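Asks:
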Amino acid sequence: GGGGGSSNNNNKGGGNPSATGPNAAIGKVFNPSDKKGGTLRMANAGDWDSLDPGDTYYAYSWNFIRLYGRSLMMFASAPGQDGAKLTPDLAESKGVPSEDLKTWTYKIRKGVKFDDGTPVTSKDVKYGVSRSLDKDTFPNGPTYFNEFLDLQGYTSPYKDSDPNGLGLKAIETPDDQTIVFKLKKPFADFDYFAGMPATMPVPKAKDDGTKYKEHVVSTGPYKFEKVELGKSFTLVRNTNWDQATDPNRKALPDKITMQLNVNADDLDNRLMSGDLDVDVVGSGVQPAAQAKILADPNLKNASDNPLSARLWYTNINGEVAPLDNIECRKAVEYAADRTGYQRAYGGNAGGEIASSLLPPIIPGAEKIDLYPSKDSAGDVDKAKEALTKCGQPNGFETNISYRAERPKEKATAESLQQSLGRVGIKLNIKPYPTGDYAKLYAGKPDFAKSNNLGLMVFGWAADWPNGFGFLKEITDSRNIKAAGNTNFSIKDPKVNDAIDKAMTEKDENARQKAWVDVDRKAMESAYALPGVVAKGLYYRPKNLTNVFITDGFSEYDYLALGVSG
Amino acid sequence: MFAYIIRRLIGAVILLFVVSLVTFSIFFLVPRIAGASVEDMASRYVGKTADAETIRQMAEKLGFTDPLLTQYGRFISAIFVGADYSTGPTTVHCPAPCLGYSFITQNPVWPDLVDRMGVTISLAVGAAVIWLLLGISTGVLSALRRGTVFDRAAMGVALAGVSLPIFFTGLLSLTIFSYGLGWAVPGGTYVNFADDPLAWAGALILPWVTLAFLNAAGYARLTRATMLETMNEDFIRTARAKGLNERTVVVKHGLRSVLTPIITIFGLDLGILLGGAVLTESAYSLPGLGAYAINAIVNNDLPKVLGVTLVGATFIIIANLVVDLLYAVVDPRVKYS
Amino acid sequence: MLAGGAARPSERPNEAFLQVRDLKVHFPTDDGIVKSVDGLTFSLQRGKTLGIVGESGSGKSVTSLSIMGLHKRGTANISGQILLDGQDLVTATPEQVRSLRGKRMAMIFQDPLTAMHPYYTVGNQIVEAYRVHHDVSKAVAKKHAIEMLDRVGIPQPDKRVDDYPHQFSGGMRQRAMIAMALSCDPELLIADEPTTALDVTVQAQILDLIVDLQKDFNSAVVIITHDLGVVAELADDIMVMYAGRSVEYGTSHEIFSAPQHPYTWGLLGSMPRLDRERSERLQPIKGTPPSLINVPEGCPFNPRCAFAGLNGDLSTTERPEFREVSPGHHIACHLSGEQRHHLWTTEIKPKL
Amino acid sequence: MSELTTTPTRTETLLEASGLQKYFPIRKGLLQRVKGNVQAVDGLSFTVQKGETLSLVGESGCGKTTTGRLLTRLLEPTAGKVIFEGRDITHLSQGAMRPLRRDVQMIFQDPYSSLNPRHTVGAIVGAPFNLQKVKPEKGVKKSVQELLELVGLNPEHYNRYPHEFSGGQRQRIGIARTLALKPKLIIADEPVSALDVSIQAQVVNLLEDLQNELDLTYVMIAHDLSVVRHVSDRVAVMYLGKIVELADRTSLYERPMHPYTVALLSAVPVPDPERKAKRERIRLKGDVPSPINPPSGCRFHTRCWKAQDICKTQEPQLVELAPGRQAACHFPENTSEQTIKVV
Amino acid sequence: MTAPLEASPGSSEAQPEAALKGMGKKAIQGRSLGQIAWMRLKRDRVAMVSGVLIAVMVVAAIVALLLDRVFGVIDPNAFHQELIDPERGIPTGPLGGVSVEHPFGVEPINGRDLLTRIFAGSWISLLIGFAATLVSVVIGTVMGVIAGYFRGWVDTVISRIMDVFLAFPLLLFAIALVGVVPDSAFGLGRDGSRIAVLIFVIGFFSWPYIGRIIRAQTLSLREREFVDASRSLGAKAPHVLFKELLPNLVAPILVYSTLLIPTNILFEAALSFLGVGIQPPSATWGTMLSEASRWYQVDAWFMVFPGLAIFITVLAFNLFGDGLRDALDPRAR
Ligand SMILES: Nc1ncnc2c1ncn2[C@@H]1O[C@H](COP(=O)(O)OP(=O)(O)OP(=O)(O)O)[C@@H](O)[C@H]1O
Ligand SMILES: Nc1ncnc2c1ncn2[C@@H]1O[C@H](COP(=O)(O)OP(=O)(O)OP(=O)(O)O)[C@@H](O)[C@H]1O
Ligand SMILES: [Mg+2]
Ligand SMILES: [Mg+2]
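Protein chains in written order, with the numbering used here: chain A, 10 to 574; chain B, 6 to 342; chain C, 77 to 428; chain D, 12 to 354; chain E, 7 to 339.
So this is what it looks like as structure tokens:
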């Protein structure tokens, strides 16, 4: 379990106990209600990666999927940090580890049925996990099971000698209620894995691989009525869902509609005009809507502005001269005007200025500020000093990359161009297509080096709100591959050592401290320029009930929402 | 005439081949030339965290390692005889015309296209009707009142239409008429005509008008110019000499001649629009071919790009053919052998 | 309808059917005022044919368009009088003139291909002309159109009525134009160079047709051309125009046998003729037609006239009056009767 | 007769056409196969003597222009030969033809479209020098100005554009252009038919003067029979792509042999009201048939008042019926030496 | 859509007679076609104003290029964040931050001065408009003239190529190509390669429109006798094409170009809207307008001036084009 009792500043500025007003849905339930009925209208400015539980990786999707699927564990449907705590869902209780932490056993609740009335067994869960291992068919989902389960060469139930597709040795189902996971290496936080959508049961009979996403068989309170890929889908009540088997869900609305690929500004407008209830992507409104909301007290009262476990930062590429010199990297750290960075992300409402990688919302996070400056506007003198030490007293020229379809990253690049320009560091701005940013451009070390990408604007959100979930992927240099990286730049053995230490630390508190150490080491090596910890500005339409921000996903808890209208 | 149509159709097929080949090359060859490896291209089709081996396998599975012509051949053969794709547990047959199978969204492209076509056709045809009415009538009036305040004003307004990009006028119209005055429904609320004709029209009225506003100017100007020219023709003098009243002269004799040039550009415009009104669809969140195409391009989803390109090209070719045939209807002097 | 004009109610036999008095048509343009027609007077009886000849640009077409009221509003300044059966067309409202067009006066144009609408069938266009002035059904009008086509000598008119103009040959088109012009029994027919675009053989056919039809309809006909042969075939009276004015007017016989104006002499001398011995050399009128913006002072013909010097500087200072020199024969020339007679008999006639 | 004195005494052949034929293919159907031909010119044979004027007359569409264009090799003949100064030029390449272009020039029908409206008079008249890479001794400009003077234009008009000139003046510019390289033969395609009577006379006179001065040979294409009579030594009458009669001017006008010639002559309106009553005219019925599908036998038989069965089946050859007089007719008129009055 | 074009070569001097007759001796005092057109154009006040406007813009654009790129006197990218509300990201001042120092106001978020940016952006927008037009006009004219003059299989081949180009969804290809060409291509300076690619893409894909028009005009022009006259003098094909025919196509080419330039400026705007225009921080009117479209609800002033700049340019070119057409058409009076 990840949840610790450390400080959570979600309520900052929202401590007002009154039922309405800004941030009324942070840390508590706004407009609590048990009234059932109505239609919850949601929309998405983009498209889902997949509705298939074995093939999805977006946070909002994991939040939303709980409406139609039940994984072994789940983030509790509760406001604030309680929402980041794992609670058994399909399982009767948390996983029972073996002594060596390599075997985890779960008992499945009795009485849970698929939407066609068939009872759910542990074999369906095993099948679901097994098929999610097939990355040929399901490329989108996470690969934790592939990495941790003792696969012994198993690749896919579709290539299985067992006609039932249950030939995977790493999962055992001694009976219909029991499921046992066997790992290659010990892992204490396996419950997080058990909370992934991949553990949602999939009936083999209904599984047709890539087409399953068009007609996912539900175990949750809602089932699919209509799916139009890329356009919309509708959920209606699943009559085979039994409240008695499910302590976690209220299932208030009768129906949930989802529109895909809606123009983002339009979407905000429709939220504010009451034509729509939820923007499912959960990263907050667009700048235009933000400006509107902040200017209008009425709108502002109906908004929430929570901190999230997402960091916007810029990689400093040590492979590119002269940034291979730590002093030059430090010059960048000093020279950068972080207020400009913050403005690019929408000012105070868009995020808090970050001075290190680990967001404060992560349990145990500490403030580390190695490159302080007045008002965070950058310290020109210090930067020049560092440049001199680096042997580049007049500055140097390098490129800064960003994701083309992200205006905020563009604004960041422009802002850094200005503030680094003050000390003679000249930046040329290079946008690259968002979709291939990690695979073909910034995330491909060869490319970054040969294209002289000294700075690479990026952002990171944790799979889970803890040190491991946040830092491991972006700081461990041993993970760096030929392409498709998430760690673009941090290559420091000291950081790696710190990670190893944190990974093997058994004590929760000490582990948190150890991750803070990773954060500090990473900042010392100056491979990353932290920008802002994201704050989404969420608009909360009037007729929503039971609204609250969950720290599990840093957005509204979709499981709890109801409508009053 | 029949032979002519057949010949044109054969020509059209050849044209489509060329179009598809060039599209194929642009989206396939150009990145290769620009330095992307087969693995780079395949890496788009695997998950975020795939390792090199997975990528290599994917490249093989997608056939990226085959010579380009083999790949193109596969694409073409799929159109005629269909193709089989693995969905995991089974393989599905994508029946002809199978315009490819997207490995990113894991579904065949053709049904998508058919689905999107409805939206685009609704948008294009509706707008076309409006701009034709608007453009031609303005043009005629302007021509008849050449040099008057009306003429200047009408042409000025018409030019305003072409002078502003549609992503701009689109948003403006939404702000004013939808969010401001509440007269029109907001963007992204498209429903099929069959489901609810009223809602369908409601969702489309703003895009129709905006798109029509953009295009009407061209038609108004063309009509005006042709009309001015036509009204100098001898046959107009003859019509007057017969004692016809001015209205009949203008409408029956003058306007009739305007049809030919109008049809020419109309065919082209409509053909292009039917291939996807990219900006309009994106401004109004309409799930049409244009939006689909943009999405496909942004995601580098080659089969979708190819599919949508071919559909667009087909529309243009059909439109051109229809235009040429219409000439013969409108102008009895035109004969095709 | 084809019964000729004998029973026309409005006929006033004593008065000329068409009277043009001091007609002036001026076009203001970028370069100045184009005085296309500048004081033209003539009249025409029913059943008679007037031929108007003159060089290109002498104002023939402008005159005919003025009579028909076909000048574009605003572009032309028209003054003087055009009396059609006593009604002044210059002061009449456009609507009044329109109602006369096609019905009481009709026109045949030079180029029958461009003068017919390419997109409508020949029949349609005749039907249209008929139905503007007659409230009849389409079927009736079509029958009438077929009759008219038959009348002008189109073979198989019931079939050809549905052809488009481009399916007709040049001669047939001109016949169709004539059928259209005559469909409402006009009392005045203006033919502006009706055969210029046609071959000799076809021209002969068309001229015959016009003669025949005029006999049947008893219309007044104005025929405009610059081919003296054509007017000789058709006209009773001939008016010779130069620079927007009439320089000579007389019966056809007189104009050919005893022309009085040097310009007319020039015209006769410059055309090779089949009916005479082949002359060794043609005698062109020297120079080029005058600008209608800057019409030469005095007699407009003076710069090109071989005899301009014969009466001092009168030719260059004073505009010659258009006067009657013998009954029905008018000219505008400063030369005296003897001079003209002398010149004609000694210098001009022998060379023709 | 005075005319006889103008008949050229020299009999040196400058140009000879034999069996000249031009078919324009009509394509139809799926594969665009040739489904027929416009038989625009179908077997013309004639010679042009040095210094004479040969005229081609006939109704619109009978193939006059096509013939002219074949003679100047602007069109490739389908069959037949063109021999210029004893040299077969029928199949010379464009390159080999180029030097010959100096000797054979063409005056075009339409003075409005035959001058490039975007070029100055100087450029137009000087073009032959440039294209043939001839450098006149006095320089191009001087030579052009001389040419302008020669055709009766003001040499100061060198820098004007064609639109500033009247039709007659334009035709003179065109003539000046053809004269630039001192050609031996000029093919004049309806040089005066677009002009006004008075201007027409000026141009006709000019052409005659130039012929005398420069020893030119003309092939004159025209449809105005009066003008043709005035300018020609010999006249060829064409009907539907064929020569139906070829004779010296006097005989042709006074004693036409082919019925078509007779009809043509009688159709010319005569500017003499006295004579119109007396004249007996032959009216041809109908129009010229289509050259795509010309009538069998004698092509004129469909409109001929003398036609008999043989005319439908057998094509009459162009034969010399009297000295210097050829006609293609089974039943020619005026075969005896009788003289008819045409008018 | 393609800009309509009606000036047929037939009409451009269809009746020079008419002009002549009226003019007689005095008017014959040598006025070339250009002079006549110029005279008429001068009288067309709307066209003249448009023409002057275009001239002013071109000069301003050149000045902007020099000031910004060569002398570095102005900095269109300078931030003025003090003018921006840090919470809302939009200018604090009224009317989008209009003030004496910033007469057009400032951009949201970073407060860059709009006047300077519009000024500095003018050269890229106009350059793309002009150069892309030049590319398509040159290709289109050459191909069109060749197809129309030679006819036969040459015409068939070229016409089919035009069909292929027309059948391509241009926007999609622009996006694909712009994304693929490396920024360092062609060794051009800042923005240089992107501008080059945009010019190429826009120009290269829109030539068939003008190609078709020119082909149609050539088809009718080649029937005119001066072409035969030239051939009969021994002119080779290139001479006929480029010395005889081309000068007669000047009117449609000019007119079409003035209509195409604004279309291309808008095209750049559309590409910017789709994210493949000029790269930041360089300003173009298109990028500014597309940027503004994200802010239009809260800072509508942002779009006023870039929108006006595009609007006025497009309007000016169109009106000038109209005027030019009227002036070059002798029938229009
Ligand atoms: N709308 C007009 N505006 C200006 N000038 C005009 C207009 N119409 C005719 N003209 C001028 O009036 C004069 C007379 O023209 P008109 O057409 O009557 O000549 P015409 O005698 O019929 O000549 P043609 O034999 O060539 O037909 C010409 O100089 C002509 O240019
Ligand atoms: N390029 C061509 N293609 C097809 N048919 C042609 C072509 N050129 C001419 N013809 C046809 O050939 C025939 C003869 O044409 P030509 O121009 O030689 O006639 P013409 O005697 O000069 O007539 P006109 O007196 O009208 O100038 C006509 O029927 C014409 O339609
Ligand atoms: Mg006239
Ligand atoms: Mg001809």
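In this text, a Cβ means the ideal position worked out from N, Cα and C, and glycines have one as well. These numbers come from a predicted model, not from an experiment.
1) Would you kindly check if the distance between the Cβ of LEU176 of chain E and the Cβ of ILE299 of chain B is under 8 Å?
2) Residues of the stretch 242–254 of chain B in Cβ contact with chain C at a cutoff of 9 Å, in chain order, please.
3) Taking just the CA atoms, how far does ALA205 of chain D sit from LYS27 of chain E?
4) Cα separation between VAL278 of chain C and ARG229 of chain B?
5) Consider the Cβ of PHE185 of chain C: report whether some Cβ of chain B lies at a distance smaller than 8 Å.
6) If you compare alpha carbons, which of B:LEU279, B:SER287, B:GLU234 and B:GLY280 is closest to HIS258 of chain B?
7) Rounding to the nearest angstrom, what Cα-Cα distance links PRO337 of chain B and TYR206 of chain C in this structure?
8) Return the residue from the list B:TRP205, B:PRO72 and B:THR314 that minimises the CA-CA distance to THR190 of chain B.
9) Taking the C-alpha atoms as reference points, what is the distance between ILE130 of chain E and THR290 of chain E?
10) In three-state terms, what does DSSP make of PHE479 of chain A?
11) If you drop the 5 nearest sequence neighbours on each side, which residues of the same chain put their C-beta closer than 7 Å to that of VAL138 of chain C?
12) If we count the other Cβ atoms within 10 Å of its Cβ and call it buried at 16 or more, is TRP316 of chain D buried or exposed?
13) Is TRP473 of chain A buried or exposed, if buried means 16 or more other CB atoms sit within 10 Å of its CB?
14) CB of LYS75 of chain D to nearest heavy atom of ligand 6: below 7 Å?
15) For a test of your reading of the model: does the CB of VAL96 of chain C fall under 7 Å from any non-hydrogen atom of ligand 1? Yes or no.
16) Please report the residue range of the beta strand (DSSP E) in which GLN95 of chain C lies.
17) Would you say VAL170 of chain E reaches chain B, if we count a Cβ-Cβ gap shorter than 8 Å as a contact?
18) Identify the contact partners of PRO194 of chain C in chain B, using a Cβ-Cβ distance below 9 Å as the criterion.
19) Count the CB pairs spanning the stretch 297–305 of chain A and the stretch 64–81 of chain A that are closer than 8 Å, and state whether there are at least three.
20) LEU103 of chain D by DSSP, collapsed to three states: which one?
21) Can you tell me which of D:CYS309, D:ALA187 and D:THR324 puts its alpha carbon nearest to the alpha carbon of VAL132 of chain D?
22) Quick check on this structure: which residue in D:GLN337, D:LEU196 and D:PRO139 has the alpha carbon closest to the alpha carbon of PHE232 of chain E?
23) Whose C-alpha, out of A:SER385, A:LEU379, A:LEU449 and A:GLY463, is nearest the C-alpha of THR348 of chain A?
24) Suppose only complete runs of 4+ residues qualify. What are the alpha helix (DSSP H) ranges in the stretch 229–295 of chain D, listed by chain order?
25) For ARG174 of chain C, go through chain B and note every residue whose CB falls closer than 7 Å to its CB, in chain order.
26) Residue ranges of each beta strand (DSSP E) run of no fewer than 3 residues wholly in the stretch 141–204 of chain A, ordered along the chain?
Replies: Looking at the coordinates:
1) By one-based count along the second sequence, residue 299 of chain B stands at place 294. By one-based count along the fifth sequence, residue 176 of chain E stands at place 170. ILE299 of chain B is not a Cβ neighbour of LEU176 of chain E, given a cutoff of 8 Å.
2) The stretch 242–254 of chain B vs chain C, Cβ under 9 Å: ARG242, THR243, ALA244, ARG245, ALA246, LYS247, GLY248, LEU249, ASN250, GLU251 and THR253.
3) As a working note, residue 27 of chain E is residue 21 in the fifth sequence. As a working note, residue 205 of chain D is residue 194 in the fourth sequence. In this predicted model, LYS27 of chain E has a pLDDT of only 38, less than 50, meaning its place in the structure is not dependable; the value taken from the coordinates is given anyway. Counting only the Cα atoms, ALA205 of chain D lies some 16 Å from LYS27 of chain E.
4) Taking the first residue of the third sequence as position 1, residue 278 of chain C is located at position 202. Taking the first residue of the second sequence as position 1, residue 229 of chain B is located at position 224. Answer to the nearest angstrom: the Cα atoms are 39 Å apart.
5) As a first step, residue 185 of chain C is located in the third sequence; it is residue number 109 there, counting from the start. Interface residue, yes.
6) Position 253 of the second sequence, counted from the first residue, corresponds to residue 258 of chain B. Among B:LEU279, B:SER287, B:GLU234 and B:GLY280, the Cα nearest to that of HIS258 of chain B belongs to B:GLU234.
7) Residue mapping note: residue 337 of chain B aligns to position 332 of the second sequence, counting from 1. Residue mapping note: residue 206 of chain C aligns to position 130 of the third sequence, counting from 1. Whole-angstrom Cα-Cα distance: 23 Å.
8) For the purposes of this step, residue 190 of chain B is taken as residue 185 along the second sequence, with counting starting at 1. The sequence given here has Val at residue 190 of chain B, not Thr. Proximity to VAL190 of chain B across B:TRP205, B:PRO72 and B:THR314 peaks at B:TRP205, based on C-alpha coordinates.
9) Translated into the one-based positions of the fifth sequence, residue 130 of chain E becomes position 124. Translated into the one-based positions of the fifth sequence, residue 290 of chain E becomes position 284. Answer to the nearest angstrom: the Cα atoms are 6 Å apart.
10) Taking the first sequence and counting its residues from 1, the one referred to as residue 479 of chain A is at position 470. If DSSP states are grouped into helix, strand and coil, PHE479 of chain A belongs with the helices.
11) One-based indexing of the third sequence puts residue 138 of chain C at position 62. Once the five neighbours on either side are set aside, the close Cβ partners of VAL138 of chain C are VAL101, SER112 and VAL113.
12) By one-based count along the fourth sequence, residue 316 of chain D stands at place 305. Of the residues assessed, TRP316 of chain D falls on the exposed side of the cut-off, its CB having fewer than 16 other CB atoms within 10 angstroms.
13) Here residue 473 of chain A refers to the residue found at position 464 of the first sequence. Burial state of TRP473 of chain A is buried, judged by a 10 Å Cβ sphere holding 16 or more other Cβ atoms.
14) This structure lacks ligand 6; the ligands present are ligand 1, ligand 2, ligand 3 and ligand 4.
15) One-based indexing of the third sequence puts residue 96 of chain C at position 20. No, since every heavy atom of ligand 1 falls outside the 7 Å radius drawn around the Cβ of VAL96 of chain C.
16) Taking the first residue of the third sequence as 1, we reach residue 95 of chain C at position 19. Taken as a continuous stretch (DSSP letters only), the beta strand (DSSP E) holding GLN95 of chain C covers 94–105.
17) As a first step, residue 170 of chain E must be located in the fifth sequence, where it is residue number 164. At least one chain B Cβ lies under 8 Å of VAL170 of chain E.
18) For the purposes of this step, residue 194 of chain C is taken as residue 118 along the third sequence, with counting starting at 1. For PRO194 of chain C, the neighbours in chain B by C-beta distance under 9 Å run, in chain order, PHE240, SER262, ASP336, PRO337 and ARG338.
19) The stretch 297–305 of chain A is not in contact with the stretch 64–81 of chain A.
20) As a working mapping, residue 103 of chain D is identified with position 92 in the fourth sequence. Three-state DSSP puts LEU103 of chain D in coil, outside helix and strand.
21) For the purposes of this step, residue 132 of chain D is identified with residue 121 of the fourth sequence, where counting begins at 1. Restricting attention to D:CYS309, D:ALA187 and D:THR324, the CA atom closest to the CA of VAL132 of chain D is found in D:ALA187.
22) Position 226 of the fifth sequence, counted from the start, is the residue given in the question as residue 232 of chain E. Minimum Cα distance to PHE232 of chain E is reached at D:PRO139.
23) Within the first sequence, residue 348 of chain A is the residue found at index 339, counting from 1. When only C-alpha atoms are compared, the closest one is A:SER385.
24) Qualifying alpha helix (DSSP H) stretches, in chain order: 236–242, 260–265, 270–278 and 284–287.
25) As a position in the third sequence, residue 174 of chain C is number 98, starting the count at 1. Under a criterion of Cβ atoms nearer than 7 Å, the residues of chain B adjacent to ARG174 of chain C are, in order, GLY248 and ASN250.
26) Within the stretch 141–204 of chain A, the beta strand (DSSP E) runs of at least 3 residues that lie entirely inside it are, in chain order, 187–191.
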